[in-house]
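**Student:**
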Amino acid sequence: MSTSRIPASTLTAYRQTEYRVEAPQPFVLRIGLASPALLLLHRQSGVASSAFITACNPRSRLLTDSENAERQRRLGEAIAREGWRSLPGSGKHISGPWPAEASFLVLGIRRYDACRLARTFEQNAIVFCGQHCIPELVVLR
Numbered sequence: 001m002s003t004s005r006i007p008a009s010t011l012t013a014y015r016q017t018e019y020r021v022e023a024p025q026p027f028v029l030r031i032g033l034a035s036p037a038l039l040l041l042h043r044q045s046g047v048a049s050s051a052f053i054t055a056c057n058p059r060s061r062l063l064t065d066s067e068n069a070e071r072q073r074r075l076g077e078a079i080a081r082e083g084w085r086s087l088p089g090s091g092k093h094i095s096g097p098w099p100a101e102a103s104f105l106v107l108g109i110r111r112y113d114a115c116r117l118a119r120t121f122e123q124n125a126i127v128f129c130g131q132h133c134i135p136e137l138v139v140l141r
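So the sequence shown is residues 1 to 141, counted in the UniProt record's numbering.
1) How many angstroms separate the CA atom of serine 35 from the CA atom of alanine 23?
2) Could you name the residues of the same chain whose beta carbon sits closer than 8 Å to that of leucine 140, not counting the 5 residues immediately before and after it, in chain order?
3) Taking only runs that begin and end inside the stretch 64-118, name each unbroken alpha helix (DSSP H) of 4 or more residues, in chain order.
4) If you draw a straight line from the alpha carbon of glutamate 67 to that of glutamine 44, how long is it in whole angstroms?
5) So arginine 20 is in the beta strand (DSSP E); what residue range does that whole segment cover?
6) If you pair each beta-carbon of the stretch 129-138 with each one of the stretch 66-82, do three or more pairs fall below 8 Å?
7) DSSP three-state call for alanine 37: helix, strand or coil?
8) For isoleucine 53 versus proline 135, is the C-beta distance shorter than 7 Å?
9) Assign tyrosine 112 to buried or exposed, taking buried as 16 or more other Cβ atoms, counted over all protein chains shown, within 10 Å of its Cβ.
10) Verify the contact flag: proline 26, CB atom, against every heavy atom of the ligand GTP, threshold strictly below 6 Å.
11) At what residues does the beta strand (DSSP E) containing leucine 137 begin and finish?
12) With DSSP as the reference, identify every bridge partner of alanine 51, one or two as the case may be.
13) Straight-line CA distance for phenylalanine 121 to glutamine 72?
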């Protein structure tokens, strides 16, 4: 039995989402599948972890494009203030009607810090990638 307050259908959608990273050679992260492209990026960047985070649509409440853009701007500022490097990205369900969400892949961030940052922006979950570069859905509530 799950203790999450997030509906099971929403968690399933998160697991089925493709998380696209706009690196010099773009690639897609999928939950539970090792990413050789991310491993290469980690090595090139000298980091052992990263997280895919958005500020859009807090707690799965659909906001306007302008509201989401402002939230993303603030998230980008928070990432820069902490001194982390990031790459832009987007998360889009493989077949669902939900619009793609602008996101950041934050390089070198620890799991604790990624969760703290995402909670600041009222997110349900993040995608965390440790040293083996297998994206993991981390549920925050």
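Glycine included, each C-beta is placed from N, C-alpha and C at the ideal position.
**Tutor:** In short, the structure shows the following:
1) 13 Å
2) Within the same chain, leucine 140 has close Cβ partners Cys115, Ala118, Arg119, Gln123, Asn124, Ala125 and Ile126.
3) 65-81
4) 34 Å
5) 17-21
6) no
7) helix
8) no
9) exposed
10) With respect to small molecules bound, the structure shown includes none, and the ligand GTP cannot be examined in it.
11) 136-139
12) Val106 and Phe128
13) 9 Å
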